[in-house]
Amino acid sequence: MPKYHLPDAISFRSALHNGYRMQYVKPELVPEDLAFLQYTGGTTGVAKGAMLTHRNMLANLEQVNATYGPLLHPGKELVVTALPLYHIFALTINCLLFIELGGQNLLITNPRDIPGLVKELAKYPFTAITGVNTLFNALLNNKEFQQLDFSSLHLSAGGGMPVQQVVAERWVKLTGQYLLEGYGLTECAPLVSVNPYDIDYHSGSIGLPVPSTEAKLVDDDDNEVPPGQPGELCVKGPQVMLGYWQRPDATDEIIKMAGYTPATSR
(Lines of atoms letter the chains of each structure in order from A; the text may use other names.)
(Lines give C-alpha, C1' and ligand atoms only; values in the text may rest on other atoms or scores of the structure.)
Protein backbone atom coordinates (compact mmCIF):
# COMPACT_ATOMS: atom_id res chain seq x y z
CA MET A 1 0.00 0.00 0.00
CA PRO A 2 1.48 3.41 -0.91
CA LYS A 3 2.11 5.96 1.80
CA TYR A 4 -0.77 8.28 2.50
CA HIS A 5 -1.71 11.10 4.86
CA LEU A 6 -5.10 11.81 6.42
CA PRO A 7 -5.38 15.32 7.88
CA ASP A 8 -6.39 15.39 11.57
CA ALA A 9 -6.36 11.59 11.77
CA ILE A 10 -6.40 9.93 15.21
CA SER A 11 -4.82 6.53 15.65
CA PHE A 12 -6.98 3.68 16.90
CA ARG A 13 -4.78 3.22 19.97
CA SER A 14 -5.10 6.92 20.81
CA ALA A 15 -8.86 6.69 20.50
CA LEU A 16 -8.93 3.71 22.88
CA HIS A 17 -6.67 5.49 25.36
CA ASN A 18 -8.81 8.64 25.30
CA GLY A 19 -11.95 6.56 25.65
CA TYR A 20 -10.72 4.88 28.82
CA ARG A 21 -10.48 8.29 30.49
CA MET A 22 -14.00 9.33 29.56
CA GLN A 23 -17.03 8.72 31.74
CA TYR A 24 -19.78 6.67 30.17
CA VAL A 25 -22.98 8.59 29.59
CA LYS A 26 -25.98 6.48 28.70
CA PRO A 27 -27.53 7.86 25.51
CA GLU A 28 -31.16 8.85 25.44
CA LEU A 29 -32.72 7.00 22.55
CA VAL A 30 -36.18 7.02 21.01
CA PRO A 31 -37.47 4.51 18.47
CA GLU A 32 -37.08 6.98 15.61
CA ASP A 33 -33.33 7.48 16.23
CA LEU A 34 -30.96 6.05 13.65
CA ALA A 35 -29.51 2.63 14.41
CA PHE A 36 -27.73 1.93 11.12
CA LEU A 37 -26.64 3.65 7.95
CA GLN A 38 -26.82 0.52 5.83
CA TYR A 39 -25.28 1.13 2.44
CA THR A 40 -26.76 -0.47 -0.63
CA GLY A 41 -26.37 -0.11 -4.36
CA GLY A 42 -29.86 -1.33 -5.12
CA THR A 43 -30.55 -1.50 -8.84
CA THR A 44 -28.65 1.69 -9.62
CA GLY A 45 -25.17 0.58 -8.62
CA VAL A 46 -24.59 3.86 -6.78
CA ALA A 47 -24.14 3.29 -3.04
CA LYS A 48 -26.73 5.00 -0.85
CA GLY A 49 -27.06 4.87 2.93
CA ALA A 50 -30.44 3.51 4.00
CA MET A 51 -31.42 5.18 7.28
CA LEU A 52 -32.67 2.34 9.48
CA THR A 53 -34.02 3.32 12.88
CA HIS A 54 -34.19 1.35 16.11
CA ARG A 55 -37.90 0.98 15.40
CA ASN A 56 -37.19 -0.46 11.94
CA MET A 57 -34.76 -3.03 13.29
CA LEU A 58 -36.81 -4.06 16.32
CA ALA A 59 -39.95 -4.31 14.20
CA ASN A 60 -38.23 -6.57 11.68
CA LEU A 61 -36.85 -8.75 14.48
CA GLU A 62 -40.38 -9.19 15.83
CA GLN A 63 -41.61 -9.94 12.32
CA VAL A 64 -38.92 -12.58 11.84
CA ASN A 65 -39.70 -14.04 15.26
CA ALA A 66 -43.37 -14.27 14.41
CA THR A 67 -42.48 -16.03 11.15
CA TYR A 68 -39.79 -18.47 12.31
CA GLY A 69 -40.64 -18.57 16.02
CA PRO A 70 -42.25 -22.03 16.10
CA LEU A 71 -39.05 -23.51 14.64
CA LEU A 72 -36.63 -21.85 17.06
CA HIS A 73 -35.59 -22.79 20.58
CA PRO A 74 -34.15 -19.96 22.72
CA GLY A 75 -30.74 -20.79 24.15
CA LYS A 76 -30.31 -23.90 22.01
CA GLU A 77 -29.69 -22.63 18.49
CA LEU A 78 -26.45 -22.80 16.50
CA VAL A 79 -26.75 -21.00 13.17
CA VAL A 80 -24.27 -21.25 10.32
CA THR A 81 -23.24 -17.73 9.33
CA ALA A 82 -21.56 -17.95 5.95
CA LEU A 83 -22.91 -14.63 4.70
CA PRO A 84 -20.98 -11.48 5.74
CA LEU A 85 -22.40 -9.72 8.78
CA TYR A 86 -22.15 -6.36 7.03
CA HIS A 87 -24.91 -7.57 4.70
CA ILE A 88 -28.39 -6.75 5.99
CA PHE A 89 -29.58 -10.36 5.62
CA ALA A 90 -26.93 -11.77 7.95
CA LEU A 91 -26.96 -8.71 10.20
CA THR A 92 -30.65 -9.03 11.06
CA ILE A 93 -31.24 -12.77 10.83
CA ASN A 94 -27.96 -14.33 11.93
CA CYS A 95 -26.53 -11.71 14.24
CA LEU A 96 -29.40 -9.82 15.88
CA LEU A 97 -32.09 -12.52 15.86
CA PHE A 98 -29.94 -15.37 17.14
CA ILE A 99 -28.25 -13.16 19.73
CA GLU A 100 -31.71 -12.20 20.95
CA LEU A 101 -32.52 -15.91 21.16
CA GLY A 102 -29.36 -16.61 23.11
CA GLY A 103 -28.04 -18.71 20.27
CA GLN A 104 -24.59 -19.17 18.80
CA ASN A 105 -23.21 -18.18 15.40
CA LEU A 106 -20.76 -20.40 13.58
CA LEU A 107 -18.87 -17.72 11.64
CA ILE A 108 -17.47 -18.81 8.29
CA THR A 109 -14.77 -16.37 7.24
CA ASN A 110 -14.44 -17.62 3.66
CA PRO A 111 -17.61 -19.28 2.34
CA ARG A 112 -16.00 -19.67 -1.09
CA ASP A 113 -13.72 -22.30 0.44
CA ILE A 114 -16.37 -25.00 0.36
CA PRO A 115 -14.13 -27.86 1.60
CA GLY A 116 -13.03 -25.69 4.54
CA LEU A 117 -16.64 -24.70 5.24
CA VAL A 118 -17.79 -28.31 5.25
CA LYS A 119 -14.91 -29.25 7.55
CA GLU A 120 -16.18 -26.72 10.10
CA LEU A 121 -19.79 -27.88 9.72
CA ALA A 122 -18.72 -31.41 10.59
CA LYS A 123 -17.53 -30.22 14.02
CA TYR A 124 -20.85 -28.76 15.22
CA PRO A 125 -24.49 -29.92 15.44
CA PHE A 126 -25.81 -26.85 13.62
CA THR A 127 -29.54 -26.21 13.92
CA ALA A 128 -30.01 -23.48 11.30
CA ILE A 129 -28.36 -22.20 8.15
CA THR A 130 -28.97 -19.14 6.02
CA GLY A 131 -27.57 -18.54 2.57
CA VAL A 132 -28.06 -17.83 -1.08
CA ASN A 133 -28.80 -20.25 -3.91
CA THR A 134 -25.18 -20.39 -5.09
CA LEU A 135 -23.98 -21.39 -1.61
CA PHE A 136 -26.59 -24.14 -1.21
CA ASN A 137 -25.78 -25.47 -4.68
CA ALA A 138 -22.04 -25.51 -3.96
CA LEU A 139 -22.59 -27.38 -0.71
CA LEU A 140 -24.82 -29.96 -2.38
CA ASN A 141 -22.09 -30.64 -4.95
CA ASN A 142 -19.53 -31.40 -2.23
CA LYS A 143 -19.21 -35.11 -1.40
CA GLU A 144 -18.16 -34.48 2.21
CA PHE A 145 -21.22 -32.30 2.77
CA GLN A 146 -23.42 -35.17 1.65
CA GLN A 147 -22.01 -37.27 4.53
CA LEU A 148 -22.84 -34.77 7.31
CA ASP A 149 -25.33 -35.40 10.10
CA PHE A 150 -28.38 -33.18 9.57
CA SER A 151 -30.43 -34.52 12.47
CA SER A 152 -30.16 -31.22 14.41
CA LEU A 153 -31.07 -29.00 11.45
CA HIS A 154 -34.58 -27.53 11.57
CA LEU A 155 -34.29 -24.19 9.75
CA SER A 156 -32.87 -23.58 6.28
CA ALA A 157 -33.51 -20.07 4.96
CA GLY A 158 -32.67 -18.80 1.49
CA GLY A 159 -32.66 -15.24 0.23
CA GLY A 160 -30.63 -12.71 -1.70
CA MET A 161 -31.59 -14.34 -5.01
CA PRO A 162 -34.22 -16.85 -6.20
CA VAL A 163 -33.78 -20.40 -4.96
CA GLN A 164 -33.75 -22.70 -7.97
CA GLN A 165 -36.22 -25.57 -8.06
CA VAL A 166 -33.55 -28.23 -8.56
CA VAL A 167 -31.49 -26.88 -5.64
CA ALA A 168 -34.53 -26.83 -3.37
CA GLU A 169 -35.44 -30.40 -4.29
CA ARG A 170 -31.90 -31.70 -3.77
CA TRP A 171 -31.68 -29.88 -0.43
CA VAL A 172 -34.79 -31.43 1.07
CA LYS A 173 -33.83 -34.86 -0.27
CA LEU A 174 -30.44 -34.68 1.45
CA THR A 175 -31.21 -32.79 4.67
CA GLY A 176 -34.89 -33.57 5.20
CA GLN A 177 -35.57 -29.82 5.55
CA TYR A 178 -37.28 -27.53 3.06
CA LEU A 179 -35.50 -24.37 2.02
CA LEU A 180 -37.67 -21.50 3.23
CA GLU A 181 -37.34 -18.86 0.55
CA GLY A 182 -37.96 -15.25 1.49
CA TYR A 183 -37.62 -11.79 0.04
CA GLY A 184 -36.24 -8.59 1.45
CA LEU A 185 -34.21 -5.49 0.74
CA THR A 186 -31.88 -3.26 2.68
CA GLU A 187 -34.46 -0.48 2.74
CA CYS A 188 -36.79 -2.78 4.73
CA ALA A 189 -34.31 -4.02 7.34
CA PRO A 190 -34.64 -6.44 5.31
CA LEU A 191 -37.43 -9.03 5.56
CA VAL A 192 -40.60 -8.33 3.57
CA SER A 193 -42.03 -11.77 2.88
CA VAL A 194 -41.28 -15.45 3.42
CA ASN A 195 -42.84 -18.80 2.69
CA PRO A 196 -44.72 -20.44 5.62
CA TYR A 197 -42.45 -22.47 7.88
CA ASP A 198 -44.66 -25.56 7.59
CA ILE A 199 -44.69 -25.62 3.79
CA ASP A 200 -43.96 -29.07 2.35
CA TYR A 201 -43.03 -28.12 -1.20
CA HIS A 202 -40.97 -25.52 -3.06
CA SER A 203 -43.41 -22.84 -4.16
CA GLY A 204 -40.94 -20.83 -6.24
CA SER A 205 -42.49 -17.65 -4.89
CA ILE A 206 -41.32 -15.07 -2.34
CA GLY A 207 -44.04 -16.19 0.06
CA LEU A 208 -46.40 -14.09 2.16
CA PRO A 209 -45.82 -10.64 3.69
CA VAL A 210 -44.54 -10.80 7.25
CA PRO A 211 -46.88 -9.46 10.00
CA SER A 212 -47.80 -5.73 9.89
CA THR A 213 -46.62 -5.48 6.29
CA GLU A 214 -48.68 -4.40 3.29
CA ALA A 215 -47.58 -5.06 -0.28
CA LYS A 216 -48.96 -4.29 -3.70
CA LEU A 217 -47.99 -4.33 -7.38
CA VAL A 218 -48.33 -1.14 -9.42
CA ASP A 219 -47.78 -0.13 -13.04
CA ASP A 220 -45.81 2.84 -14.34
CA ASP A 221 -48.66 5.18 -13.37
CA ASP A 222 -48.83 3.84 -9.78
CA ASN A 223 -52.10 2.02 -10.46
CA GLU A 224 -52.49 -1.38 -8.82
CA VAL A 225 -52.31 -4.24 -11.29
CA PRO A 226 -54.61 -7.30 -11.11
CA PRO A 227 -53.32 -10.71 -9.94
CA GLY A 228 -51.11 -12.47 -12.42
CA GLN A 229 -49.91 -9.28 -14.09
CA PRO A 230 -46.34 -7.90 -13.86
CA GLY A 231 -45.69 -4.74 -11.91
CA GLU A 232 -43.46 -3.05 -9.36
CA LEU A 233 -43.64 -4.40 -5.82
CA CYS A 234 -44.30 -1.71 -3.22
CA VAL A 235 -44.03 -2.27 0.53
CA LYS A 236 -45.47 -0.52 3.57
CA GLY A 237 -44.72 -1.41 7.18
CA PRO A 238 -42.80 -0.54 10.34
CA GLN A 239 -39.57 -1.92 8.84
CA VAL A 240 -39.48 0.63 5.99
CA MET A 241 -36.50 3.00 6.25
CA LEU A 242 -36.68 6.73 6.92
CA GLY A 243 -34.96 7.42 3.61
CA TYR A 244 -31.48 7.70 2.14
CA TRP A 245 -28.79 9.53 4.08
CA GLN A 246 -28.32 13.04 2.67
CA ARG A 247 -30.12 12.02 -0.52
CA PRO A 248 -33.59 13.63 -0.41
CA ASP A 249 -33.78 13.33 -4.20
CA ALA A 250 -33.35 9.57 -4.10
CA THR A 251 -35.72 9.31 -1.12
CA ASP A 252 -38.47 11.24 -2.92
CA GLU A 253 -37.98 9.07 -5.98
CA ILE A 254 -38.35 5.75 -4.19
CA ILE A 255 -41.00 6.57 -1.59
CA LYS A 256 -43.76 7.42 -3.99
CA MET A 257 -46.79 7.34 -1.74
CA ALA A 258 -47.50 7.43 2.00
CA GLY A 259 -44.85 5.07 3.23
CA TYR A 260 -44.90 2.69 0.29
CA THR A 261 -41.40 1.84 -0.82
CA PRO A 262 -40.91 0.35 -4.29
CA ALA A 263 -39.03 -2.85 -3.55
CA THR A 264 -37.78 -4.04 -6.89
CA SER A 265 -37.95 -3.51 -10.60
CA ARG A 266 -39.98 -5.76 -12.85
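Taken in order, the sequence shown gives residues 1 to 266; the numbers are from UniProt numbering.
The C-beta atom is built at its ideal place from N, Cα and C for all residues, glycine as well.
- Between Gly-102 and Asn-110, the C-beta spacing is not below 8 Å.
- Within 10 angstroms of the beta-carbon of Leu-179 lie 16 or more other beta-carbons, which makes it buried.
- About 6 Å separates the beta carbon of Leu-61 from that of Leu-96, a gap short enough to meet the 8 Å contact definition.
- According to the DSSP assignment, Thr-130 belongs to the beta strand (DSSP E) that extends over 128-131.
- Minimum Cα-Cα distance from Pro-125 among the listed residues Ala-157, Arg-247 and Val-80 corresponds to Val-80.
- Rounded to the nearest angstrom, the gap between the Cα atoms of Asp-33 and Ala-9 is 28 Å.
- Of the other Cβ atoms in all chains shown, fewer than 16 fall within 10 Å of the Cβ of Asn-18; this residue is therefore exposed.
- Per DSSP, reduced to three states, the secondary structure at Phe-98 is helical.
- Under DSSP, Pro-238 takes part in no beta bridge, so it has no partner.
- Measuring C-alpha to C-alpha distances from Tyr-183 to each of Gln-177, Val-194 and Leu-174 identifies Val-194 as the nearest.
- Around the beta carbon of Gln-23, a 10 Å sphere encloses fewer than 16 other beta carbons of the protein chains shown; the residue is thus reported as exposed.
- In the structure shown, the three-state DSSP call for Val-80 is strand.
- A residue is called buried when at least 16 other Cβ atoms come within 10 angstroms of its Cβ; Ser-11 does not meet this threshold and is exposed.
- The DSSP assignment places complete beta strand (DSSP E) segments of no fewer than 3 residues inside the region 174-252 at 179-184, 191-194, 214-218 and 232-236, in order along the chain.
- DSSP, reduced to helix, strand and coil, places Gln-164 outside both helices and strands of the structure shown, so it counts as coil.
- The closest CA to that of Asn-56, considering only Gln-38, Leu-71, Pro-248 and Asn-141, is found on Gln-38.
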